[in-house]
Amino acid sequence: MWQQYEIQLQTRRRGFHLVTEEIVSRLPGLTDISVGLMHVFIQHTSASLTINENADPTVRSDFEAVLNRLVPEDEPYYQHTLEGSDDLPAHIKASLLGPSLTIPVTNGRLNLGTWQGIYLCEHRDCGGSRRLVVTLQGG
Amino acid sequence: MWQQYEIQLQTRRRGFHLVTEEIVSRLPGLTDISVGLMHVFIQHTSASLTINENADPTVRSDFEAVLNRLVPEDEPYYQHTLEGSDDLPAHIKASLLGPSLTIPVTNGRLNLGTWQGIYLCEHRDCGGSRRLVVTLQGG
Amino acid sequence: MWQQYEIQLQTRRRGFHLVTEEIVSRLPGLTDISVGLMHVFIQHTSASLTINENADPTVRSDFEAVLNRLVPEDEPYYQHTLEGSDDLPAHIKASLLGPSLTIPVTNGRLNLGTWQGIYLCEHRDCGGSRRLVVTLQGG
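Protein chains in written order, with the working numbering: chain F, 1 to 139; chain U, 1 to 139; chain W, 1 to 139.
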């Protein structure tokens, strides 16, 4: 009924990255679930997870460009600046997009729409490898 | 313990729309759950779900106005422009608001606050009918 | 397997506040769960929940400053203005950050990253005490 996995994602550069396959390939128990939910949680405060288009890579580069304008670096009023100019914006972006996703599982597969994929949103210049906790439940 | 429903929402125009009743009316098993959770997931990348005020309709029109200013159309730096000027902003708005909601179920009902309702956030000019996957669990 | 709690948080001033301990201390059954999930839901439309850095308090004051610039008060195009100039921006901020969190539970504890804490995001000037519904499940 319950399975839990820790997954260490490959290090990626700042930006938005499709990681659906990297996650699903680490969940051997997924195929045993006919109806259930997958919860994936990122244990960091400067990277996040979202779901968006899995086809055209310019969607992902536009995400980076838009988020950088929504939450710019080096605003004179920022106080939390000791860890670099990318750090405070990374925290804000992480909360706007969120630290977790819950996705329905149907007949042993993630029940995503045709064009949906899981994005790792890496908001730091050098964020390193990111750790996920995946919790699967179902019957 | 587990129930899963596919729901096709009525087509709605671009904007923010209250859909609590349209969803709940399709969940005959909801009343059987004394303690549990409802998870609702939209299988699209240019529409989203959120919870906000269920009373004054100007909250919903203000949502549309504010989101259009936060993520404007036709920015010269956008690269993903082939599907129309509303498309890339729709993807960004969808990720800012998110593709799913999880709501507590108590005594056979969604345990929402007095003023809370579920919004379908339709970010495309002509998005068509949107498909949801609702997963109910509880005891 | 299922536990549900209503928690009334202390009244806090407008801004971002760490509430991890205030929540966990009200969940006596948490230690009984070896693998599971905690879902926490805020029953309001002008306050929200997020996860972010639990250490430097300037992260939280910067959150308030950035969100106030992203969604300013007193824009001339706002229609929902009867409840005060902080009200409509509070609704928008609440949906951008979201009304709920789902966090993995492992060996009787929230499986948060080292630097992660739960923030109450109080978007109103005088929001009063906020009510949460916490649903715990697991085995």
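Note that beta-carbon positions come from the ideal geometry of N, C-alpha and C, so glycine has one too.
When you compare each of the options to residue i by their alpha carbons, which one comes out closest?
{"i": "glycine 108(F)", "options": "Val35(F), Gln3(F), Phe16(F)", "result": "Val35(F)"}
{"i": "leucine 136(F)", "options": "Asp125(F), Phe41(F), Gln8(F), His123(F)", "result": "Phe41(F)"}
{"i": "cysteine 121(F)", "options": "Glu64(F), Met1(F), Ile103(F), Pro76(F)", "result": "Glu64(F)"}
{"i": "valine 24(W)", "options": "Gln8(W), Tyr78(W), Asp125(W)", "result": "Gln8(W)"}
{"i": "glutamate 6(F)", "options": "Gly113(W), Leu132(W), Pro76(W), Arg131(W)", "result": "Gly113(W)"}
{"i": "isoleucine 141(W)", "options": "Gly29(F), Gln4(F), Pro28(F)", "result": "Since the displayed chain W opens at 1 and closes at 139, residue 141(W) lies outside it and no answer follows."}
{"i": "glycine 15(F)", "options": "Asp125(F), Arg131(F), Pro28(F)", "result": "Asp125(F)"}
Please confirm whether residue i and residue j have their CB atoms less than 9 Å apart.
{"i": "valine 71(U)", "j": "valine 66(F)", "result": "yes"}
{"i": "valine 134(W)", "j": "arginine 13(W)", "result": "no"}
{"i": "valine 59(U)", "j": "histidine 91(W)", "result": "yes"}
{"i": "glutamine 10(F)", "j": "serine 100(F)", "result": "no"}
{"i": "tryptophan 115(F)", "j": "glutamate 53(F)", "result": "yes"}
{"i": "proline 89(F)", "j": "asparagine 111(F)", "result": "no"}
{"i": "isoleucine 118(F)", "j": "leucine 18(F)", "result": "yes"}
{"i": "aspartate 62(F)", "j": "histidine 123(F)", "result": "no"}
Less than 8 Å between the CB atoms is what I'm expecting for residue i and residue j, so what's the real figure, rounded?
{"i": "leucine 37(F)", "j": "histidine 39(U)", "result": "6 Å"}
{"i": "glycine 138(U)", "j": "tryptophan 2(W)", "result": "6 Å"}
{"i": "aspartate 56(F)", "j": "histidine 80(U)", "result": "6 Å"}
Nearer than 8 Å: is that true of the beta carbon of residue i relative to any heavy atom of the ligand PLP?
{"i": "leucine 120(W)", "result": "Ligands in the displayed structure: none, and consequently the ligand PLP is not present."}
Contact between the segment 92 to 101 of chain W and the segment 37 to 48 of chain W is defined here as three or more beta-carbon pairs at a separation below 8 Å; is this criterion met? Between the segment 92 to 101 of chain W and the segment 37 to 48 of chain W there are three or more C-beta pairs closer than 8 Å, enough to call the two in contact.
Taking any Cβ of chain U, which residues in the segment 45 to 67 of chain F have a Cβ under 7 Å from it, in chain order? Along the segment 45 to 67 of chain F, the positions whose C-beta sits under 7 Å from a C-beta of chain U are Thr50, Ile51, Asn52, Glu53, Asp56, Thr58, Val59, Ser61, Asp62, Phe63, Ala65, Val66, read in chain order.
Note down, in chain order, all residues in the segment 90 to 113 of chain W with a beta-carbon under 8 Å from any beta-carbon belonging to chain U. Answer in chain order: His91, Ile92, Ala94, Ser95, Leu96, Gly98, Pro99, Ser100, Thr102.
Which residues, in order along the segment 21 to 42 of chain W, keep a beta-carbon less than 7 Å from a beta-carbon of chain F? Listed by position, the residues of the segment 21 to 42 of chain W near chain F (Cβ gap below 7 Å) are Val35, Gly36, Leu37.
Taking a cut of 7 Å between CB atoms, which residues from the segment 71 to 85 of chain F lie near chain W? For the segment 71 to 85 of chain F, which is checked against every Cβ of chain W, the residues closer than 7 Å are Val71, Tyr77, Tyr78, Gln79, His80.
Give, in chain order, every residue of the segment 113 to 127 of chain W whose Cβ lies closer than 7 Å to some Cβ of chain F. Only those residues of the segment 113 to 127 of chain W whose C-beta falls short of 7 Å from the nearest C-beta of chain F are listed: Gly113, Trp115, Gln116.
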